[in-house]
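Beneath this line is the structure, given in structure tokens, with notes to follow.
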Amino acid sequence: MKKKIILGTALILILGATGSFVYYDYYHAPRRTLTFLPKKAIKVAIQPFKGIDKGSVLEVKKGIERYYGLKVIILPDIPLPIHAKNTHILKKYHLQLPVRYRADSLIAYLRKTKSSKYDYVIGLTHQDISVTKPKKPKWLYTDWGIFGLGYRPGPTCIVSTHRLYRYANLAQMRTRLRKIAIHELGHNLNLRHCPHRNCVMQSARESMKTIDNEPESLCDSCKNIIKRKFIVNFPEEQMGKL
Numbered sequence: 002m003k004k005k006i007i008l009g010t011a012l013i014l015i016l017g018a019t020g021s022f023v024y025y026d027y028y029h030a031p032r033r034t035l036t037f038l039p040k041k042a043i044k045v046a047i048q049p050f051k052g053i054d055k056g057s058v059l060e061v062k063k064g065i066e067r068y069y070g071l072k073v074i075i076l077p078d079i080p081l082p083i084h085a086k087n088t089h090i091l092k093k094y095h096l097q098l099p100v101r102y103r104a105d106s107l108i109a110y111l112r113k114t115k116s117s118k119y120d121y122v123i124g125l126t127h128q129d130i131s132v133t134k135p136k137k138p139k140w141l142y143t144d145w146g147i148f149g150l151g152y153r154p155g156p157t158c159i160v161s162t163h164r165l166y167r168y169a170n171l172a173q174m175r176t177r178l179r180k181i182a183i184h185e186l187g188h189n190l191n192l193r194h195c196p197h198r199n200c201v202m203q204s205a206r207e208s209m210k211t212i213d214n215e216p217e218s219l220c221d222s223c224k225n226i227i228k229r230k231f232i233v234n235f236p237e238e239q240m241g242k243l
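For the sequence shown, the numbering used here begins at 2 and goes up steadily by one.
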């Protein structure tokens, strides 16, 4: 985390052994010390919702651990909260659609119930999830099905496997799942959608084709944003140094 400090006409920064920054200013009264918070180690948990298959849960765990180099804990599965169902929207617009779960309600629920032992929680469900998009026609986009959603920045995200089986075998489906989990956790770590095609943080643009064509990795710019604030040792970078 970087901060600009303007205190006088001259400023010297010295990095101490503790990782704290000590500054001296020549113009303003006595010497003072400013300590910046150190980089933070990340603790991640997966919260499976009832009905999700164990293979998908293990695949997300493997993907996050393998790519971000983080240890991931799997929590006991829990029921989906009834209040997150989209039934009120179906009634309002008289839509003959399957019941979905509102993604924004799910990540809010995960945030509310998150243990302080974990910094980030990734929710996993096999049910279809949706959001309201500011597009027209309103009846179509008021309950738009999505792959995943995460706070940016924030402590929770949700990923659904419901749409990932389309035109895919099991291996392709699991690759899609890992990419989406890496993407949504990236949002939690304050990454925006990235314009680079060689980055898993690019917007899916409502297309499975985008997900299939993108890599299972971040571009250097997105990695650097994360590394400035968190202790993350991307394994692929460590392998490149060998």
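Just so it is clear, CB atoms sit at the ideal spot from N, CA and C, and this is done for glycine as well.
Once you ignore the five residues that flank residue i on each side, which residues in its own chain have a CB closer than 8 Å to its CB?
i: LEU192; result: ARG153, MET202, LEU219, CYS223, ILE226 and ILE227
i: LEU178; result: SER57, GLU60, VAL61, GLY64, VAL160, THR162 and LEU165
i: PRO216; result: ASN199, CYS200 and VAL201
i: TRP140; result: TYR94 and LEU96
i: PRO196; result: GLN203
i: ILE53; result: ASP78, LEU125, THR126, HIS127 and THR162
Rounded to a whole number of angstroms, what is the C-alpha to C-alpha distance between residue i and residue j?
i: GLN128; j: ARG112; result: 19 Å
i: ALA182; j: ILE123; result: 8 Å
i: GLU66; j: ARG206; result: 27 Å
i: PRO135; j: PHE148; result: 18 Å
i: ASN189; j: TYR102; result: 20 Å
i: PRO138; j: ASP144; result: 11 Å
i: ILE232; j: ASP221; result: 16 Å
i: LYS41; j: CYS158; result: 19 Å
i: LEU150; j: LYS230; result: 22 Å
i: GLU185; j: MET174; result: 17 Å
i: PHE235; j: LYS92; result: 47 Å
i: THR211; j: ILE130; result: 19 Å
i: VAL100; j: PRO82; result: 13 Å
i: THR176; j: LYS55; result: 15 Å
i: HIS194; j: SER117; result: 28 Å
i: GLY146; j: ASN214; result: 20 Å
i: ILE90; j: TYR142; result: 11 Å
i: SER208; j: PRO80; result: 29 Å
Any idea if residue i is buried or exposed, counting beta-carbon neighbours within 10 angstroms, 16 or more meaning buried?
i: GLU237; result: exposed
i: VAL73; result: buried
i: LEU171; result: exposed
i: ILE43; result: buried
i: LYS180; result: buried
i: ASN87; result: buried
Tell whether a beta-carbon distance below 8 Å holds between residue i and residue j.
i: GLN97; j: LEU76; result: no
i: TYR121; j: VAL45; result: yes
i: ALA109; j: VAL132; result: no
i: ASP256; j: LYS115; result: What is shown of the chain runs 2 to 243, which leaves residue 256 out entirely.
i: ALA85; j: LEU107; result: yes
In this structure, how does DSSP classify residue i when only helix, strand and coil are distinguished?
i: GLN48; result: strand
i: THR157; result: strand
i: ALA172; result: helix
i: SER131; result: strand
i: LYS41; result: strand
i: ILE53; result: coil
i: TYR119; result: coil
i: GLY70; result: coil
i: LEU107; result: helix
i: ALA30; result: Caution applies to ALA30, whose pLDDT of 32 falls short of 50 and renders its modelled position unreliable; the value that the coordinates give is listed next. Here ALA30 sits in coil by DSSP.
i: TYR102; result: strand
i: LEU141; result: helix
i: LYS92; result: helix
i: LEU150; result: strand
i: LYS228; result: helix
i: THR211; result: helix
Can you list, in chain order, the residues of its chain with a C-beta nearer than 6 Å to that of residue i? Leave out the 5 residues immediately preceding and following it.
i: GLY187; result: MET202
i: TYR68; result: ILE183
Check whether the Cβ of residue i sits closer than 7 Å to any heavy atom of the ligand MG, and report yes or no.
i: HIS84; result: Questions concerning the ligand MG fall outside what the structure shown contains, since it holds no ligand whatsoever.
Can you name, in chain order, every residue of its own chain whose Cβ lies under 7 Å from the Cβ of residue i, other than the five neighbours on each side?
i: PRO156; result: ARG112, LYS115, ASP120, TYR121, VAL122 and ASN189
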